[in-house]
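Structure, as structure tokens:
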Amino acid sequence: MADLDRITQSPDMMSGRPCIRGMRVTVGMIVGQIGAGVSIDELLTDYPYLEREDIMQALRYAAWRSDEREVLLASA
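Quick note: the sequence shown, position 23, residue 22 per numbering that gives the first Met the number 0, numbers continuous.
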């Protein structure tokens, strides 16, 4: 997705998991915290180097990835 410019991925960072702006903060950590009931404002307080758009893009990225479908091809 073109509008996910804050989501970075590198095999050398966090074992290739998607991160926020090259930091050691993974999309999975953000989504997990939101799922556990932590509010966006609480995340921003706990991680002052994050910005609201970082969190919003992490949520959009997770939604986009969860919508992917795997197509199995039959072997000939």
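Cβ atoms here follow ideal geometry from the backbone N, Cα and C, with glycine treated the same way.
- Within the model, the alpha-carbon separation for Gly21 versus Met12 is close to 8 Å.
- Pairing Asp53 with Asp40, the inter-Cα distance amounts to about 12 Å.
- Inclusion of Ile33 and Pro17 in the CB contact set at 8 Å is not warranted, their separation being larger than that value.
- For Ser65, the enclosing alpha helix (DSSP H) has its first and last residue at 51 to 65.
- Boundaries of the alpha helix (DSSP H) harbouring Met28: 26 to 34, taken from the DSSP string.
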